[in-house]
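Notes follow once the structure below has been shown.
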Amino acid sequence: MGLPTTGVASFVVRQGLVMQLSQLRPKEILDLVASVSGAQSYDSKREVSQKMLAAAEKKRESAEAHIEEVAERLEQLGSEQSELKRLLTLEAKKYSTEHVLFTRRHQAAKAELDAQRESLEGAEVTAKEGLAVLTETETRLASGQDEMTAVQERLASCRVLTETLQADLRHRRDEADRQAAQVERAEADASEQADALVQRGQRERERQTVGAAARKKLAKVEAQLKRQRDILSKRQTATAKCTATLTALSYSDSAEGGAEGGLGARAQALRQSAADRSALVSDTLSGRAQAIEADLEKAQAEAAQAKAAKADADKAFKAKQAETRGADQDLTKARGNQKRAYGKFTQDKARQEERAAAVSKAENNLYGQAPPPLHSAIRLVRHVASTHKVQGVVGAVAEHVSCDPRLYTAVEAYTGNQLYNVIVQSAEVAAELVSLIHSAMARPTPEVQAILGGVAPGRISFLPLDDLHPSDPPTGFDKKDAVGLLDKLSCSARVLPAVRHLFGQCLLARDIPKAARVTEAHQCDAVTLEGDVVRSQGTVTGGYRYQASKRMKAAERLGEERAKLDAAGAAVSEGAVNVKKLDQEATAAAQHHQRLDTELGLCREARDRAGRAYSECQAQVHALEGRLSDMQEDIAGATAEATRLVTRADALEQVLLGEGEVDVGQARAALDAATDAEEQSMAKVEGLEGDRALCLAQIRRVEAEAEGGPGLSQSQGSAGPSGMTQDHLAVLKERAAALKGAADQAAQALGAADDEADRAQVEKDRLDRELRHLRTLRDEQSDTAERASNRAASIQAALNQASLHVTQAEESLQALGVQGPDLSAKEAETLSNLSNRDLVSRIAGYNRNISKLTHVNRKAQDLVGHFEGQRKALYRQRAEVAQGEGAIQDLMGDLDTRRAEALVSAVDRVRAQFSRVFETIAGVPGSLVPVRAGVPTESLGEADGLVPDVSFPGLERGQGERARDSYLARLSGGQRTVVALSLVLALQATSPSPFLLLDEVDAALDEQYRVTLAAELDRMCEESHIQIIATSFRPEMVRAATNRYLVQQHGQASRISVVDEADALRLVTTDPEAGAGGDIEAEDEDED
């Protein structure tokens, strides 16, 4: 059982000790009651009073001896007394003046702080309003960024479209220029033929009329010629017969012998003439026909080749046209990819800017936790390093060290502001930075002043990697007690020397005792997870640490944001390369498309040339076919002549054979008639053939004139002076007009694109200005709040400093034996009427006068003050001893009376609480009986002890003191526990303690006592508002508890966990002896 060492009673009751408590003697029980009644304080005061009396006598004797010694010593120091008094007077006046000055400054600072607090409250209101505005601003900013992204995409698409239209416009303008030049040439040629074309048009209409009449006449002439040829053939046959008959009659007048020979010769001659005609047909005309047929076949072959060439040209034109369409699609695809890539590049650029802003914010969050001078120094170092492009600046230590978040407090507590030490490559880099800082501060530019923000930079430490030689980390320590802090940190190999320099000599310990042990054993530093630091020199730094300081967390956040910024930068670089590549691909596609377009024009011209060549070959074939037809007609005429001769020969042979008798005169007349008819038919045939030839010539002339003009060939007549046809000229004009229209449309589209780009740029500039304004507003509000907070902190520091000066002034005045309030009213009024400047001037004068007395022996001054004080104290003590003995006696009597009253009151209350508690737990009456020398007494003031007077059912007791004592000795362990707990709870009820710890106090109790004990503890918690923690393996205590905890121990480690009532009851009912599960802690606590 633990007893109180202060005024508040605290009890710890453990299993086993409660029975010892029940075996206390009556006087010990009374002493326990006295400990909670406050009687001990009266006893201690009485003892102090007695000691004061004894000490007073000794002091009086020693004071007289010391007075004599002090007088002798003061006489020896008399020569310096005047200077000492003057010095003391000056210092007293100085400290009095400082007291007034610092008091006034304290009041002014307090008033300024109050005003600043009011201003800060107003700033907080403004900040809240600004926060609402900032929230709205953030929303507008987000929407503005989305809108800006859309505008940037539109701007990018406009730029791409502008470039495309410009390239297309240039191409179309070049094509239009070429076509315009060609059209100009064609128009120049066509202007010369304009009149001729008009005349040719008139003649063409006339020729068409003449040609129609000639074709009609030709058809009529050919029909007549066919009839006349048939008639001529018949008349030639008749003439031949008549000629043969006449020849036969003529030969009949000759000799008979010679007649047969003459007719036979004539017949033979006729047959020879027919053979000659046939030979002429077969040799000459057939050869000519064959030559014409050969020429026709050759012309047909050339026409087939021209047709094949035309087909190839058409095929090549279609292939080139398809290739051009594919190139057009490729160009469209390339421009689409270019547009998408530029949009993605714009998004990546905006994302990079966002990441850069996040990095800047994370840097401000990290370095903003440093003291303002250090923060200004860090900003200045970064500024001069970036401005002068200093190489070899690695960065602050916090940026390059990472660890488990559970170690943040330990790392920050151990290093403090050393986390902001700047790591550089060499000492030369550090010297250069220091020189640049001095130069910047010697003549600060507006930029430097803006960076400092009105806060003078402090000193900053540099860690040159090339010149650091850190010691080896400590070894040989117990891993159970501590581990190396360096082993728990992560950093790059580049900054490892700096990290070893800071953390190499530090161990991470479990608690302060182990930290102190390893520090003493290994001469190194140690830190705990809670941030308690033990240095190798023996100093210990610990206690409450402000948890809002999250430098390592801010450094980790900065690392994450920088990684995101690097990823965004890589994406932007990759996007730039991709955009450049796609630009090149789009340019190449545009050039390829332009080349294919040119080649397509060449293919079109080649196709037209092949078509013209094929038309010429077809015309030649038609001409040869006409010649072949004429030749075939000549062959038919020669064949008919041969047939006629053969017919005459046959007639002669018939006459020769005597097939008829005809008169010669009649024969001659018939012959003449036949000859005349044949001649008439020949004349008509020749006339009709002439008419036919004239009609054919007229038709051919009309067709030739219709194609190109009189006297020209088909190819010459259809072309102008420059070799360009009228159709080609019209096509060129149409293409020129189309190209001009396309160029105008492209120019209009380009102008629209430029307008759209201008509008998009204006919109982007407007959004940029609005975004900058919103960010500036947000930064101004943040700066205003920060300045107000810094101003409040500075005023608070000034107030603390003024209070410190006032305290120092008061301590100095007390050391000199002069009290501030003891100043004369006139002098106090004089000081209060002086201004601060006059007070400072007066203090400066005191300091000058004091500096003139520096030769005064300060030790002598101390001795004089000591002796004077000691003499006064001795005089005072002697007077007090002489006058205070009676007062001390009166005090001792009063203390005895008050002690007796307090004890009687406490005994009454403890007895009443014991009776109540015992009856509540045991169910039977019980009390505490006051005794004196073992005999009960009614006078509590005379009692020297208290004895429990209890009885339990089933255990009889006799009468008298001995029976009571023997009855208590015969109580069981559980019954003794009930008595002891009743006494403890009675003491607790008399003098409530806020906390009560019970360790298995119900182990020896029966179930009924456990139930009543739990109920009593629950009642005490509710009524007295105390907290009770009890370890138990009984369900009654578990049911009555408010909170339940399971404590388990495995090896050297213990673990505590929260369990509900059901699990706790299951544990205590399945294993009431806690063999496997552990201890159940039941906690009863009040509503607070």
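Residue numbers (the UniProt record's numbering): 1 to 1088. By construction, the Cβ of each residue, glycine as well, lies at the ideal position given by its N, Cα and C atoms. Keep in mind that this is a model prediction, so the values were computed, not measured.
query                                                                                                            : result
Those runs of the alpha helix (DSSP H) which lie wholly inside the stretch 964-1032 and span at least 4 residues : 973-990, 1007-1024
Ordered list of beta strand (DSSP E) runs contained in the stretch 451-489, each at least 3 residues             : 462-464, 482-484
4-residue-minimum alpha helix (DSSP H) runs that sit fully inside the stretch 386-411, ordered along the chain   : 397-400
Beta-carbon gap between A606 and A322 smaller than 8 angstroms                                                   : no
Element boundaries [beta strand (DSSP E), containing G945]                                                       : 945-950
Buried or exposed by the 16-neighbour rule on C-beta atoms within 10 Å, applied to A521                          : exposed
Three-state secondary structure assigned by DSSP to N1043                                                        : strand
Through-space distance from Q975 to A933, alpha-carbon basis                                                     : 26 angstroms
DSSP beta-bridge partners of R1055                                                                               : Q1048
Where the alpha helix (DSSP H) containing A526 begins and where it ends                                          : Segment 525-528 is the beta strand (DSSP E) holding A526; no alpha helix (DSSP H) there.
Reduced DSSP secondary structure (H/G/I, E/B, other) of T346                                                     : helix
Whole-angstrom distance between N421 and S573, CA atom to CA atom                                                : 33 angstroms
Contact between the stretch 450-463 and the stretch 481-491 (3+ Cβ pairs under 8 angstroms)                      : no
Reference A377, options A1015, V448, E942, E354, closest by Cα                                                   : V448
As assigned by DSSP and simplified to three states, the class of T541                                            : strand
Segment contact flag, the stretch 64-73 with the stretch 899-911, C-beta cutoff 8 angstroms, min 3 pairs         : no
E616 versus D583: straight-line alpha-carbon distance, rounded                                                   : 49 angstroms
Exposure label - E938; buried when at least 16 CB within 10 Å                                                    : exposed
Three-way DSSP call (helix, strand, coil) for L496 in this model                                                 : helix
Residue burial classification, Q338 (beta-carbon count within 10 angstroms, cutoff 16)                           : buried
Proximity below 8 angstroms, CB of P948 to CB of L928                                                            : yes
Own chain residues within Cβ distance below 6 angstroms of H400, not counting five before or after               : C491, V495
Exposure of P1035, with buried meaning 16 or more beta-carbon neighbours within 10 Å                             : buried
Under 8 angstroms between C-beta atoms of L565 and E363                                                          : no
Span separating the alpha-carbon of L366 from that of A555                                                       : 6 angstroms
Continuous beta strand (DSSP E) stretch holding R932: start and end                                              : 926-932
A613 - partner residues in DSSP beta bridges                                                                     : Answer is none; A613 lacks a bridge partner.
Coil, strand or helix - A568 by DSSP                                                                             : helix
Proximity of Q594 and H171 at Cβ, strictly below 8 angstroms                                                     : yes
Separation of A989 from E1023, as counted between CA atoms                                                       : 10 angstroms
V100 beta carbon less than 8 angstroms from that of S832                                                         : yes
G575 classed as buried or exposed, judged by whether at least 16 other C-beta atoms fall within 10 angstroms     : buried
Residue burial classification, Y875 (beta-carbon count within 10 angstroms, cutoff 16)                           : exposed
Pairwise C-alpha distance: A571 and K348                                                                         : The question names Lys, but residue 348 is Asp in the sequence shown. Computed Cα separation, rounded: 6 angstroms.
Cβ contact (3+ pairs, closer than 8 angstroms) linking the stretch 967-974 and the stretch 982-996               : no
Rounded C-alpha distance that separates D1060 from G368                                                          : 46 angstroms
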